[in-house]
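To start, the structure under review is shown below, and the notes come after it.
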Amino acid sequence: MPHFVKPTEGSWTEHYPELGTGPVSYEDSISPEHYERERDAIFARTWLNVGRIEQLPRTGSYFTKELDAARTSVIVVRTADGVRAVPNICRHRGNKLVWQDYPREEVSGTCRQFTCKYHGWRYGLEGDLTFVQQESEFFDLDKSEYGLVPVQADVWEGFIFVNLDRTNETPLAEYLGALGKGLAGYPFDKMTQVYKYRAEVGSNWKLYIDAFAEFYHAPVLHAKQAVADESRKLQGYGYEALAYALDGPHGMVSSWGGMSPPKDLDMVKPIERVLRSGLFGPWDKPDIGLTDLPPALNPAGHRAWGTDSFVFFPNFMLLVWEPQWYLTYHYWPTCYNTHIFEGTMYFVPPKNATERLRQELAAVTFKEYSLQDGNTLEATQTMLESRAVTTFPLNDQEILLRHLHKTAHDYVDDYEKRRGETPIQIGSTS
Amino acid sequence: MSEFPPEFTDLEPFAGWALRTEGERYAKRLASTMDELQAFYDAALPRLEDAMTYLDQFELDALPEDATGLLWLCYSLVNASFPVEVWRQPRVPDSGAAKFNAVIEPAV
C-alpha cells in the first residue's frame, strides 16, 4: 500500500509508457565506443551549465571551463554587453589561451584582455584580436579575421550555460522546458554563500546521476548516518517519492523528509539538536521573505515536502531544499568510466556565527553522505564491465534512471540518424 | 597568549583543533584516535551554546582573532561529532578510498 498517491496507471513509470518496465542494460555506461558517440551527440550539442552569474561580478570577470567530453575548453567572461563564451584557444598556433601552471586546471580572475602566453597575441573580452606581436612579419594578416568566434552562451535564473553547437537553434529557456519555467523566480540570487566539493570518480557519468536520481538507496546505504532508532524506522518505511515529473530530456523527483524541526528530537543527533541543523539544512529558514514557491517545487503540495531534485539533461542536477537553500551536481566525463563530480551548496549568507555553524553542519553532513555514495560507483562500474550480468531490473522509484539512459541513448541514435549513419547496436561484438 | 577568548580558556588543551580550512579539520579527524575525538567532543560540545552566544555579539567579518580561533574550533567540533555520535570510527563507514575535497568554502 503506497503512502503517497501514484498516477492512475498504477505507477509513475507506466504513466510514461515510452519508458517500458522491462529490465535495462548498462552497456551504454561500459562501452568506450558508445561514450565516443555520446561526446558528439550529447556534450558537443546540448546546453551545458558551466557556472553561476555570481562568478562573474564585473566586466572582465572570467573563468575557464574544461569540457573534456566535448573535447574543448571555453572562457566564460562578462563583457559590457553581458555573458560571453569563447573557445579557449589562440588563433595563432592553437595554444590554450587562458591557463596558469597546469593547462588542464580551470582558472578564474578579472582582466581587460586575454593575452596568449606563447607569443603575446591579445584578444578583447568579446574575442576580437587586438594585438599581434611583430605583426609586420606576417603575410597579409587581417586581424579582424582572427578573432575568437563566440560559442552560444545564455543565462537562466543566474545559471550560465554554453552550447558548443554553433548551429543550435533551441534557445536555452525552451531547452529547459516546463521544469525550467516552473522554477523561475526562486531566489537563487540571494543564496550566495558557497561550499563546493570535487571528486574524481571511477565510473561512467550516468551512473553517478543514477545514484543521486533515486532515494531508494537512502535508508539502506546511509543507515549508519542516523541514530539507531531513526535508522530502523527509515528502513522500515523504505522510500517513496511524493511525485515524479518528466519533461522532454529532463526529469524531477519530489521528496518528503522535511525535518525542520523534527517532531521527535530524540531521533536526531546531539550536535543537530544544539545547532538546529542537519542533512536538510538549517531548521530555521533565512529571512528572505520567500512565501510562495514557484510551481515546479513541491508539485504534490505535500506538507511533509523536503526537497526536489531536478535532472537537467545531460549532466546538471539542481536540488532545492524546503529550508531555503540549494545544491547543484555536475558530472563531467573524462573517459567512458571516469568523470569529475562537483557538488556545490548555496546558502543565504549567514548573519552571525550561529547561522554559519548551522550551515557548516549541513555541509559536513553532505560530504559524509557523498563519500558513501561515491564509493559504490567504482564497485558498480567494475562489475558492470565484467558483463557477468547484462540486464537489470529497475523499480518504480528508479524511474529517473530509466528515463536518463533512454534519453541519452535517443540523443545518440537521433544524431547518428541525422548524419545518415546507421545506429549501431552497442555491445555487439561484430 | 591564549588562543581563545578568556571565557573559553578551558578549551585551551584542544587549541590544535582551531583550524582554518575544512581540509585541515577533516585530516586531523582522520588522523585522530576515537579516544582523542571523544575527549575533544566531551570538552567542546557542552561549551557550544556558550560559544555561539559569545560569537554572535560580533559581525562575522569582523571577528577578533581569539574569537576566530574559537569559531574554527567549533567547526572542528561539528566535524568530529560524526564519528563520536554515530560511527565509532573516524571515517564514515562504507566509504573506502572515496575522496570528496572542498574546493570552495566560505572565507570565515
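Note that the protein sequences, when read in sequence, are chains S and Y. Each residue of the first sequence is one higher than the last, beginning at 1390 in the numbering used here. Each residue of the second sequence is one higher than the last, beginning at 45 in the numbering used here. Glycine is no exception: its CB is placed at the ideal position from the N, C-alpha and C atoms. All values derive from a computational prediction rather than experimental measurement.
Please give the ranges of any beta strand (DSSP E) in the segment 1698-1743 of chain S, keeping only runs that are unbroken, at least 3 residues long and fully inside the region. For the segment 1698-1743 of chain S, whole beta strand (DSSP E) runs of length 3 or above, ordered along the chain, are 1705-1710, 1714-1724, 1727-1736.
Are Pro1576/S and Ile1677/S close, meaning C-beta to C-beta below 8 Å? Yes. Within cutoff.
Could you spell out where the alpha helix (DSSP H) holding Thr1556/S opens and where it closes? Taken as a continuous stretch (DSSP letters only), Thr1556/S belongs to no alpha helix (DSSP H), as it is neither H nor E.
Can you list, in chain order, the residues of its chain with a C-beta nearer than 7 Å to that of Thr1723/S? Leave out the 5 residues immediately preceding and following it. So the qualifying residues of the chain are Asp1457, Ile1729.
Residues in the segment 1727-1745 of chain S with C-beta within 7 Å of chain Y's C-beta atoms, listed in sequence order? Taking 7 Å as the Cβ-Cβ cut-off against chain Y, the residues of the segment 1727-1745 of chain S that qualify are Pro1739, Asn1741, Ala1742, Thr1743, Arg1745.
Can you list the residues of chain Y that Gln1582/S reaches, using a CB-CB cut of under 9 Å? Per Cβ cutoff of 9 Å: Pro150.
Beta-carbon gap between Trp1694/S and Phe1669/S smaller than 8 Å: No, they are not a contact pair.
Using a Cβ-Cβ cutoff of 7 Å, what residues of the segment 1746-1776 of chain S are near chain Y? List them in chain order. Hits within the stretch, in order: Leu1746, Glu1749, Leu1750, Val1753, Lys1756, Glu1757, Ser1759, Leu1760, Gln1761, Gly1763, Asn1764.
Taking a Cβ distance cut-off of 8 Å, strictly less, list which residues of the segment 1658-1680 of chain S are near chain Y, in chain order. For the segment 1658-1680 of chain S, which is checked against every Cβ of chain Y, the residues closer than 8 Å are Lys1658, Pro1659, Ile1660, Val1663, Leu1664.
Measuring only the C-alpha atoms, how far is Ser76/Y from Pro134/Y? Going by the C-alpha atoms only, they are around 7 Å apart.
Considering only the alpha carbon of each residue, which of Ala142/Y, Asp94/Y, Arg91/Y lies closest to Glu1589/S? Of the listed residues, the one whose Cα sits closest to Glu1589/S is Ala142/Y.
Just list the residues that DSSP pairs Tyr1491/S with in beta bridges. Looking at the DSSP assignment, Tyr1491/S forms no beta bridge with any residue, so it has no partner.
Candidates Glu1403/S, Asp1803/S, Tyr1758/S: closest to Leu138/Y by CA position: Checking the sequence shown, residue 138/Y turns out to be Asp, not Leu. Cα-wise, what sits closest to Asp138/Y is Tyr1758/S.
Looking at the C-beta of Met45/Y, does it have a partner C-beta in chain S at a distance below 8 Å? No answer about Met45/Y holds up, because its pLDDT of 48 lies below 50 and its placement is not dependable.
In the DSSP assignment, what are the bridge partners of Lys1585/S? Bridge partners of Lys1585/S: Thr1733/S, Ile148/Y.
Should the segment 1403-1418 of chain S be called in touch with the segment 1452-1472 of chain S, which here means at least 3 C-beta pairs below 8 Å? Of all C-beta pairs linking the segment 1403-1418 of chain S to the segment 1452-1472 of chain S, fewer than three are shorter than 8 Å, placing the two stretches out of contact.
List the DSSP bridge partners of Ala1542/S. DSSP, once it has assigned bridges, lists Val1551/S as partnering Ala1542/S.
Simplified DSSP assignment, three categories, for Thr1818/S: Only weak support is given to the placement of Thr1818/S: the predicted model assigns it a pLDDT of 43, under 50, and the question is left unresolved by the model.
I'd like to know if Ala146/Y contacts chain S, where contact means its C-beta is closer than 8 Å to some C-beta of that chain. Cβ-Cβ to chain S under 8 Å: yes for Ala146/Y.
Identity of the residue in Glu1603/S, Gly1625/S, Glu1731/S nearest His1792/S by Cα: Residue Glu1603/S is the option with its Cα nearest to His1792/S.
If contact is defined by three or more beta carbon pairs under 8 Å, each pair taking one atom from either stretch, is the segment 1550-1569 of chain S in contact with the segment 1525-1536 of chain S? Judged by pairs of C-beta atoms under 8 Å, the segment 1525-1536 of chain S does not touch the segment 1550-1569 of chain S, as fewer than three such pairs exist.
Sequence-distant residues of its chain with Cβ nearer than 6 Å to Leu1610/S (five each side left out): Cβ contact annotation for Leu1610/S (same chain, cutoff 6 Å, sequence separation greater than five): Gln1761, in chain order.
How would you list, in chain order, the residues of chain Y whose beta-carbon sits under 7 Å from the beta-carbon of Arg1587/S? Near Arg1587/S (Cβ distances below 7 Å), the residues of chain Y are Asn145, Val147.
Run of the alpha helix (DSSP H) containing Val122/Y, from where it starts to where it stops: Where Val122/Y is concerned, the enclosing alpha helix (DSSP H) starts and stops at 109-126.
Of all Cβ atoms in chain S, is any one closer than 8 Å to the Cβ of Trp116/Y? Under the 8 Å criterion on CB atoms, Trp116/Y is classed as non-interfacial with respect to chain S.
Which bits of chain Y does Gln1614/S rub up against, with CB to CB less than 7 Å? Correct list: Val130.
Taking 8 Å as the CB-CB limit, is Asp54/Y close to chain S? Not an interface residue.
Please report how far the alpha carbon of Ala1459/S lies from the alpha carbon of Tyr1720/S, in whole angstroms. Between Ala1459/S and Tyr1720/S, the C-alpha separation is close to 13 Å.
What is the rounded straight-line gap between the Cα of Val128/Y and the Cα of Ala88/Y? So the alpha carbons of these two residues sit roughly 12 Å apart.
Reference Lys1513/S, options His1404/S, Gln1770/S, Thr1448/S, closest by Cα: The sequence given here has Gly at residue 1513/S, not Lys. Measuring C-alpha to C-alpha distances from Gly1513/S to each of His1404/S, Gln1770/S, Thr1448/S identifies Thr1448/S as the nearest.
List the endpoints of the continuous alpha helix (DSSP H) containing Glu1403/S. That run of the alpha helix (DSSP H) goes 1401-1404.
Measure the alpha-carbon distance for Thr1499/S versus Tyr1451/S and round it to whole angstroms. So the alpha carbons of these two residues sit roughly 6 Å apart.
Using a Cβ cut-off of 9 Å, pull out every chain S residue sitting near Ser76/Y, in sequence order please. For Ser76/Y, no chain S residue has a Cβ inside 9 Å of its Cβ, as the nearest lies near 15 Å away.
Using a C-beta cutoff of 8 Å, does Phe126/Y count as contacting chain S? Flagged as an interface residue toward chain S: Phe126/Y, by a C-beta distance shorter than 8 Å.
Near Ser1819/S, which residues of its chain fall below 8 Å by C-beta distance, leaving aside the five closest residues on each side in sequence? Residue confidence for Ser1819/S is low, a pLDDT of 39 falling below 50, so the modelled location carries little weight; the figure read from the coordinates is stated next. Cβ neighbours of Ser1819/S beyond the five flanking positions: none.
Taking only beta-carbon atoms, is Leu99/Y less than 8 Å away from chain S? Chain S contact via Cβ: present.
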